[in-house]
Amino acid sequence: MISFFWKIGIKNSISFIYCKLINGLFYRISPMVKKQFDFLNQIKGNNYLIKYSFGIFQIKFTFNKKPLNLFLRGSSSDTSVFRQIFINKEYGFITKILPSVSDYKIIIVDIGANIGLVTAFFKCLYENPVIYCLEPEPENFQQLKKNVNLNKFQNVSCYNYGIWDSETQLNFSFNFRDHQSWAVQLYRDSNKEKNIIKVKTLNNVLSSINVKVIDILKIDIEGAEAKIFNDEENYDYLRRIKIILIEIHDEYDCRARINNILERNNFLLSVEGEFTIGIKNAFLNKNNKSL
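Here's what the structure looks like:
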């Protein structure tokens, strides 16, 4: 515990102790306060430099020998996403499929980029990859840009729109699953003028990216995958993709349909944690990999 206070400094230690006392008063009232201190307790012994002020964490650490400096909102799902990616290393399997190559820039499209933690992970994993980030929710998007700019990431482009089966405008809410900031759900309600965002088709988005091959297409869009993978969609863009990582939300009863579409387009499928992984057969054979 002493080493923890030494790392975060006297000022932050006082703030931490004060918040602990406050937490003792409101622990039962605010589960979110409990969540923030549970997060602090979990990461305190892992060589993180932490600043905590008014519900915002700033965390500096080294990952895969590369420095990172990230902002997380304590009252949101940011800490849960951080835990998944950097502590539990839920994306660690990707290096077995696509190892880093020093003379080749990996092309990644991150759909549902949230606040940019997956982008940060890939930036540490590969040698200066080119990453296209799509995030529709405005506050998440601001955090995404903040984390990208803070780390001075090169070759990262951020777009504030979502993915749907048509080019239009939709409403969004946080009514999906745990109602936190990673549970952005898109829907159409012509009677509501608030919480409106732009959406585009996946085919048009990928066509606008002027590259011949996309190495990794990551999709985590809280059920909207049921809209973009349907039998009427044009899937020519799948020819350019080596690996697809998609979180399929079973509330929408679309898993079998999406699996069928990917298999028809020559992807070999497996499951790793929450993700369905599709690897293009030609890429798999060329690299002599096995799932």
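In this note's numbering, the protein residues as written are 7 to 297.
Glycine residues also receive a C-beta, built at the ideal position from the N, C-alpha and C atoms.
- DSSP links Cys164 through a beta bridge to Cys139.
- Boundaries cannot be given for Ser81, as no alpha helix (DSSP H) includes it and DSSP labels it neither H nor E.
- Under the three-state reduction of DSSP, Pro105 is assigned to coil, being neither helix nor strand.
- The Cβ atoms of Leu150 and Gly118 do not sit closer than 8 Å to each other.
- Taking one beta carbon from each stretch, the region 74-85 and the region 95-113 have fewer than 3 pairs nearer than 8 Å; the two do not touch.
- Here Tyr110 is exposed. Its C-beta has fewer than 16 other C-beta atoms within 10 Å.
- In this structure, DSSP gives Tyr258 a helical state, which the three-state scheme calls helix.
- Going by beta carbons, Asn209 and Asn236 fall outside the 8 Å limit.
- In this structure, Gly168 and Ile227 form a Cβ contact; the two beta carbons are roughly 7 Å apart against a cut-off of 8 Å.
- Per the Cβ contact rule, the region 266-279 is in contact with the region 239-255 (3 or more Cβ pairs under 8 Å).
- Between Phe67 and Tyr54 the beta-carbon gap is near 5 Å, inside 8 Å, which marks them as a contact.
- In the three-state reduction of the DSSP assignment, Glu239 falls in the coil class.
- A straight-line Cα-Cα distance of about 30 Å links Val162 and Gln48.
- In the structure shown, the three-state DSSP call for Ser213 is helix.
- Lys218 and Leu176 have their alpha carbons spaced roughly 30 Å apart.
- The criterion of a C-beta distance shorter than 8 Å is not satisfied by Phe88 and Cys130.
- Only buried fits Lys233, as 16 or more other CB atoms lie within 10 angstroms of its CB.
- In this structure, the beta-carbon distance from Ile112 to Pro135 falls below 8 Å.
- Ala126 and Val154 have their C-alpha atoms roughly 8 Å apart.
- Within the same chain, no Cβ atom closer than 8 Å to the Cβ of Ser214 is found once the five residues on either side in sequence are excluded.
- Between Cys164 and the set Val211, Thr174 and Ile264, the nearest pair of CA atoms involves Val211.
- Excluding sequence positions up to five before and after Glu269, its CB lies within less than 8 Å of the CB of Leu275, all in the same chain and listed in chain order.
- Taken through DSSP and simplified to helix, strand or coil, Asp116 comes out as strand.
- With a threshold of 16 other beta carbon atoms within 10 Å, Asn120 meets it and is buried.
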